[in-house]
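What follows is one structure encoded as structure tokens, with my remarks underneath.
Number of protein chains: 2
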Amino acid sequence: MKKQPQLNNNQICQTRLNAIRDAMEILSGKWKLNILGTIIVGGKMRFMDLQREIHGIGSKMLAKELQDMEVNQLLTRTVLDTKPVTVEYEISEYGKALAPMIDEMVKWGIGYRDLLSRKSTTKGQFS
Amino acid sequence: MKKQPQLNNNQICQTRLNAIRDAMEILSGKWKLNILGTIIVGGKMRFMDLQREIHGIGSKMLAKELQDMEVNQLLTRTVLDTKPVTVEYEISEYGKALAPMIDEMVKWGIGYRDLLSRKSTTKGQFS
DNA sequence: TCACTTACTTTCCAATAGGAAACCAGTTTC
DNA sequence: GAAACTGGTTTCCTATTGGAAAGTAAGTGA
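If you read the protein sequences in the order shown, they are chains A and B.
Numbered per this note's numbering, the first sequence spans residues 338 to 464.
Numbered per this note's numbering, the second sequence spans residues 338 to 464.
Put into structure tokens, the structure is as follows:
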């Protein structure tokens, strides 16, 4: 008799795995968390503002990631009737709800950097 | 005078962005969080156990992701001197520290599913 | 008319991710 | 001796990601 999976083979684990898969898909790619974080901090922001804030992003990727996140309702897009037309992006309720996750991510990332720098200072650097 | 970036142009934001980038790099790919979650729940696990638990993963990806995470010190690898040699993978201190982030991710993912199902049941589906 | 702004879109390309299948080496069981 | 278990590695292939650069459309100012 072959061994069968046991751990992940129950409803609670499957629900958790689905939730993780959803979150990873919706936040996938190099830029989404960066864009989202910038909008969370900055409030309403226009396309060119975002491109200026987010170092290194091209207009193609910015437009694409914004569209993805609008479809997934993480943010809203409003076209303003200005002289050259401007577009405002704002965080939605469900986008805001990502803040605790992002904060935990930041906490872990910072802790991990600390670990690495402490290990590498074993050989007597100052500080 | 052109507009200059302001929001992300300070030390606190840069530190946060670096932390997010670190976390995303270390956890990148389709399988790492799944593998990690399985080891967190299951404790010490062997290669074939993991392959049985994680539905759909091939030996190539499992081996590669385990190596990545061992290098990044999220888990430990121990070769046991058994009849056919067996290898145990176990979560490390820094891997364990990911649990709060994973939990926040799960919370958000579940809340997001709720949102979608509530919106889609507007047209009267049963349950 | 020319240049510059807005917000994108399109095209073309290179690099990476990831899967299927075969293979490998050592040990045990039938 | 053949088959099956262990924990992988190797090869080959396709699909996705993401970047650079140019183009588009509409409006403003000199």
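Idealized CB from N, CA, C, for every residue including glycine.
**Asked** DSSP three-state call for T415(B): helix, strand or coil?
**Response** For the purposes of this step, residue 415(B) is taken as the residue at position 78 of the second sequence. Strand, per DSSP.
**Request:** List the residues of chain B that E427(A) touches, going by C-beta distances under 9 Å, in chain order.
**Result:** Here the question's residue 427(A) lines up with position 90 in the first sequence. Here the premise fails: no neighbours, minimum Cβ distance about 15 Å.
**Request:** Identify every residue that forms a DSSP beta bridge with M438(A).
**Result:** By 1-based counting over the first sequence, the position of residue 438(A) is 101. BP columns for M438(A) are empty, so no partner.
**Message:** Can you find the residues in the same chain that come closer than 7 Å, C-beta to C-beta, to V443(A), ignoring five residues on each side of it along the sequence?
**Reply:** Position 106 of the first sequence holds residue 443(A). Excluding positions up to five away in sequence, the list is empty.
**Prompt:** Hey, does T419(B) have any beta-carbon neighbour from chain A nearer than 8 Å?
**Reply:** In the second sequence, residue 419(B) corresponds to position 82, counting from 1. Closer than 8 Å: no.
**Prompt:** Exposed or buried, what is E362(B) when buried is set at 16 or more other beta-carbons lying within 10 Å of its beta-carbon?
**Reply:** Stepping through the second sequence from its first residue, residue 362(B) is reached at position 25. So E362(B) counts as exposed.
**Asked** If the cut is a Cβ gap below 7 Å, which residues of chain A does W445(B) touch?
**Response** For this step, residue 445(B) is matched to residue 108 along the second sequence. A360, A434, L435 and M438, listed in chain order.
**Prompt:** Quick one: complete alpha helix (DSSP H) runs, 4+ long, within the stretch 356-438 of chain B?
**Reply:** With a minimum length of 4 residues, the unbroken runs of alpha helix (DSSP H) contained wholly in the stretch 356-438 of chain B fall at 369-379, 384-390, 396-408 and 430-433.
**Asked** Counting contacts by CB-CB distance shorter than 8 Å, is M442(B) in contact with chain A?
**Response** Within the second sequence, numbered from 1, the residue matching residue 442(B) stands at position 105. Closer than 8 Å: yes.
**Request:** Determine the chain A residues that contact I357(B) at a beta-carbon separation under 8 Å, and present them in chain order.
**Result:** Indexing the second sequence from 1 puts residue 357(B) at position 20. Residues of chain A passing the Cβ test: L370, N371, G374, I439, M442, V443 and G446.
**Message:** Tell me which residues share the same chain as Y431(B) and place their Cβ nearer than 7 Å to its Cβ, disregarding the 5 neighbours each side in the sequence.
**Reply:** Position 94 of the second sequence, counted from the first residue, corresponds to residue 431(B). These residues qualify, in order along the chain: Q410 and L411.
**Asked** If you draw a straight line from the alpha carbon of M406(B) to that of D451(B), how long is it in whole angstroms?
**Response** Numbered from its first residue, the second sequence carries residue 406(B) at position 69. Numbered from its first residue, the second sequence carries residue 451(B) at position 114. Rounded to the nearest angstrom, the two C-alpha atoms are 32 Å apart.
**Contacting residues, own chain, Cβ-Cβ under 8 Å from S454(A) (five flanking each side not counted)** = As a first step, residue 454(A) must be located in the first sequence, where it is residue number 117. So the list is empty, once near-sequence residues are dropped.
**Rounded separation between L364(B) and G374(A) - CA only** = To locate residue 364(B), count along the second sequence from 1; it is residue 27. To locate residue 374(A), count along the first sequence from 1; it is residue 37. L364(B) and G374(A): Cα-Cα distance of roughly 19 Å.
**Prompt:** Is the CB of G393(A) under 8 Å away from at least one CB in chain B?
**Reply:** Within the first sequence, the letter at position 56 stands for residue 393(A). No, its Cβ sits nowhere closer than 8 Å to a Cβ of chain B.
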